[in-house]
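One line per chain: the protein sequences are D, L and B, in this order. Mind the numbering: the first sequence is residues 1 to 118 in the working numbering, read in order. Mind the numbering: the second sequence is residues 119 to 476 in the working numbering, read in order. Mind the numbering: the third sequence is residues 477 to 665 in the working numbering, read in order. The beta carbon of each residue, even a glycine, is placed where N, CA and C say it ideally should be. Working notes, beginning with the structure itself.
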Amino acid sequence: MLESYTGAAILLLIATAIAVGMVVATSILGPKRNFADKMEPFECGESQLVSPYQRFSVKFYLVAVLFILFDIEAVFLFPWAILYKKLGLFGLIEMMVFLLILGVGLTYVWIRGGLDWE
Amino acid sequence: MWIDLAITMVKIIFILTVTVGFFAPVLTWVERKQSAMMQDRVGANRADIFGFTALGLFHIIADALKMFTKEDFIPQGANRALHTLAPIIALIPAILTFAVVPFGGQYTLWGKEVNLVISDLDVGLLFVFAIASIATYGYVVAGWSSNNNWSLLGAMRTASQMISYEVTMGLTVIGVLMVYGSMQLTQIGAAQEDFWRWGFFLQPVGFVMFFAASIAENKRVPFDAPEAESELVAGYFTEYSGLKFGMFFMAEFIEMVTIGAIMTILFFGAWHLPFLTTADLLSMFDFLGDNGANLVVMLIHVGVFFGKVTFFIFVQMVIRWTLPRFRYDQIMKLGWKILLPLSLANIVVTGIIILALN
Amino acid sequence: MAYYVDRNVKMTWWERTYIPEILRGMMITSRHFFRNIFGFVPFFLGKKKDREIFTVYYPEETMQFPIAYRGRPVLALNEDNRPNCVACGLCEIACPAYCIDIIPGENSGKQNEVERYPVKFTIDYAVCIFCGFCEEACPEEAIFMSDQYDITMLDRKKMKYDMEQLLVPVSELKDRMDFCRKMYGKWNY
Chain D
1 MLESYTGAAI
11 LLLIATAIAV
21 GMVVATSILG
31 PKRNFADKME
41 PFECGESQLV
51 SPYQRFSVKF
61 YLVAVLFILF
71 DIEAVFLFPW
81 AILYKKLGLF
91 GLIEMMVFLL
101 ILGVGLTYVW
111 IRGGLDWE
Chain L
119 MWIDLAITMV
129 KIIFILTVTV
139 GFFAPVLTWV
149 ERKQSAMMQD
159 RVGANRADIF
169 GFTALGLFHI
179 IADALKMFTK
189 EDFIPQGANR
199 ALHTLAPIIA
209 LIPAILTFAV
219 VPFGGQYTLW
229 GKEVNLVISD
239 LDVGLLFVFA
249 IASIATYGYV
259 VAGWSSNNNW
269 SLLGAMRTAS
279 QMISYEVTMG
289 LTVIGVLMVY
299 GSMQLTQIGA
309 AQEDFWRWGF
319 FLQPVGFVMF
329 FAASIAENKR
339 VPFDAPEAES
349 ELVAGYFTEY
359 SGLKFGMFFM
369 AEFIEMVTIG
379 AIMTILFFGA
389 WHLPFLTTAD
399 LLSMFDFLGD
409 NGANLVVMLI
419 HVGVFFGKVT
429 FFIFVQMVIR
439 WTLPRFRYDQ
449 IMKLGWKILL
459 PLSLANIVVT
469 GIIILALN
Chain B
477 MAYYVDRNVK
487 MTWWERTYIP
497 EILRGMMITS
507 RHFFRNIFGF
517 VPFFLGKKKD
527 REIFTVYYPE
537 ETMQFPIAYR
547 GRPVLALNED
557 NRPNCVACGL
567 CEIACPAYCI
577 DIIPGENSGK
587 QNEVERYPVK
597 FTIDYAVCIF
607 CGFCEEACPE
617 EAIFMSDQYD
627 ITMLDRKKMK
637 YDMEQLLVPV
647 SELKDRMDFC
657 RKMYGKWNY
């Protein structure tokens, strides 16, 4: 079982080596000329007015919460989809009930404006 | 044991040569040149070696040399460790997804079953999604560690766009999985030997939705709000220079190839030629002997597969240079309010049709 | 002419699915792509006329400008190998950017000799705005706008052209001269 992952593991090692090698190479090869104005974070020529580490829109958090909800739904659907032909009508009705509950949830979020970006 | 390992190594080297060594650099040139052609321009043609320009192909070498020798810049107040780590996290998943992408079928060469996939996992498609979503961390960490307002905004947009479209992407392929009854990419590919069994005909709506979602997942135009240059300078990689910037770029281009490959496998008959089954091809090259015929068919299949991948990359490029960027609220609306309900409906309709046909 | 774009167009259901319209847009761009790729790939074989791309390969090919184009101003060198300029200083005054600098010289007033001539005549192209006022102000047909526009230097001091660099034989300026006579004839002649 785990043998089939051998190739993926080797590729992971090689990919890591490539990525790390690139970062090391660029930090060695390039010139280093630092001065105060240059080291400032880019803000269209201005010096930084506010720190980026502040509060930002709650919409992003909302999307994250919804993502967890619907991604778990997708995870439940994967095994069902593969066995679908064996499960037949029972599987369809069973999953329709599940999708219906989630559909109600989606409609609720939709109506409450959780999906609006205005 | 050792032979298997050697075969695996050959396959890995082949995949790395094709993606990292060939597609990623050449696509930078293709993108410039193709956009030029579409807009009636000439495009990159200045870099030359001894006065020989080769249609601007030497720009690849020039770009690579430039990126290697640029200063590696980390801004003041940035988190140095995370800033260095981010491009690594972004690049590794892009390469690693190719571990499960089959680029050919199964062939018998000198009494040895050769399966043209690095590791033939039975959860292939899930592996692709799982690995691809790790890249999100790379982009978010890049934006977070840069101590830059634009970077952070870009990172937040990246995060919410990528996770939104991940849901849609996961739900759109459910239809394909229901039709073929497997998550193993080699089996999905093998099931499409008959031209009329290609995913494109069985799941036309899923095809369009998956294509749109995967382009959004790769953050290319028209879904490039996370790196919108007219709004956010360069989004999450504003503070990156040299090869670190190049790594984000490479990850994007390798992901383009990945999208092309997954699209080909799921919807466009993988490595199969239309109307020509493997058995047909084998009998066609019967005069070469058993091994010879297998070898020739293998080469044809690999060629066909990468031809289809190239076609999908071409389509992505055409889309990129045709459509304007969507507004961010439009992107989120498309993901949550249109594609998500549509993909749920697609699952229901597919289920009913399969049940009716059985 | 200003016109009003109605942004509240009622779209049909077919248009609102976007996909056919996206495909139509992609058809247009790919049509350009394929038409150009067949004109472009053998560009070293065919002439420019055979290409669909109308971009000019700049340093190798240059554009033909219409006669009204205002490039860098030059001084006319007449058949007697002298500049037409009489150092009256009108162009110097007309110049809104103050890029012309003239030091006049005077002759003793013998027969068959111009009384005044420029000892030094410099134009600083780093300052020049290519407005053409000098040409319009000149009463002696001495200064003309040529069709050269690629004045690039690595050093700003080199952008200051003196008389030797500015003088151009009058035969090369024939067309522009005719054009100027037609344009400014009312005032000058």
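A direct Cα-Cα distance of roughly 25 Å separates L:S359 from D:Q54.
L:N163 belongs to the set of residues whose beta carbon lies under 9 Å from a beta carbon in chain B. Annotated three-state conformation of B:D577 is strand, per DSSP.
Judged by DSSP secondary structure, D:T26 falls within the alpha helix (DSSP H) whose first and last residues are T6 to L29. One Cα belongs to B:R657, the other to B:P549, and the distance between them is close to 16 Å. Secondary structure at B:D600: strand, using DSSP grouped into helix, strand and coil. The C-alpha of B:K596 lies about 14 Å from the C-alpha of B:A618.
The continuous alpha helix (DSSP H) containing D:Y108 extends over residues Y84 to I111.
Contact with chain L is absent for B:M487, since none of that chain's Cβ atoms lies less than 9 Å from the residue's Cβ.
DSSP, read as helix, strand or coil, puts B:Q540 in coil. Under the DSSP assignment, L:Q224 falls in the beta strand (DSSP E) whose first and last residues are Q224 to L227.
In the structure shown, B:F606 falls within a coil segment according to DSSP collapsed to helix, strand and coil.
Across the structure, B:D651 and B:A613 are spaced so that their CA atoms are roughly 18 Å apart. Under the DSSP definition of a beta bridge, B:P549 partners with B:M621. Our two residues, B:K586 and B:E537, have alpha carbons roughly 49 Å apart in a direct line. Shown here, B:P645 sits in a strand according to DSSP, grouped into three states. Taken atom to atom, the span from the alpha-carbon of D:Y61 to that of L:V436 is near 34 Å. Under the DSSP definition of a beta bridge, B:R592 partners with B:E582. In the assembly as shown, L:D404 is an exposed residue. Its beta-carbon has fewer than 16 other beta-carbons within 10 Å.
L:V351 is positioned such that its CB atom lies closer than 9 Å to that of L:W268.
Counting along the chain, the unbroken beta strand (DSSP E) around L:N233 starts and ends at K230 to N233. Taking 9 Å as the threshold, the shortest C-beta distance from D:G30 to chain L falls below it. Scanning L:I207, L:L270, L:L239 and L:G223 for the CA closest to the CA of L:A250 turns up L:I207. Look at D:F78: its C-beta is under 9 Å from a C-beta on chain L. L:V427 does not reach chain B, its nearest Cβ partner there being about 18 Å away, counting only Cβ pairs nearer than 7 Å. When DSSP assignments are scanned along the region 159–200 of chain L, the uninterrupted stretches of alpha helix (DSSP H) that are 4 or more residues long and fall wholly within it turn out to be 176–187. Nearest C-alpha to D:S51 among D:V58, D:S57, D:G45 and D:P41: D:P41. With respect to L:V375, L:A142 sits close: the two C-beta atoms are nearer than 9 Å.
Within 7 Å of the CB of D:D71, the CB atoms of chain L belong to E284, V285 and G288, in sequence order along the chain. DSSP, reduced to helix, strand and coil, places B:K658 within a helical segment of the structure shown.
Spatial neighbours of D:K59 in its own chain (CB-CB distance under 7 Å, excluding positions within 5 residues in sequence) are listed in chain order as W117. For L:L239 against L:G223, the beta-carbon gap comes to about 17 Å, at or over 8 Å, which does not count as contact.
Among the CB atoms of chain B, none fall inside 9 Å of the CB of L:I167. D:L89 is positioned such that its CB atom lies no closer than 9 Å to that of L:G299. Buried is the label assigned to L:D190, since at least 16 other Cβ atoms lie within 10 Å of its Cβ. A distance below 8 Å between beta-carbons, with the five flanking residues on each side excluded, links L:M287 to the following residues of its chain, in chain order: F247, F328, A331, S332 and E335.
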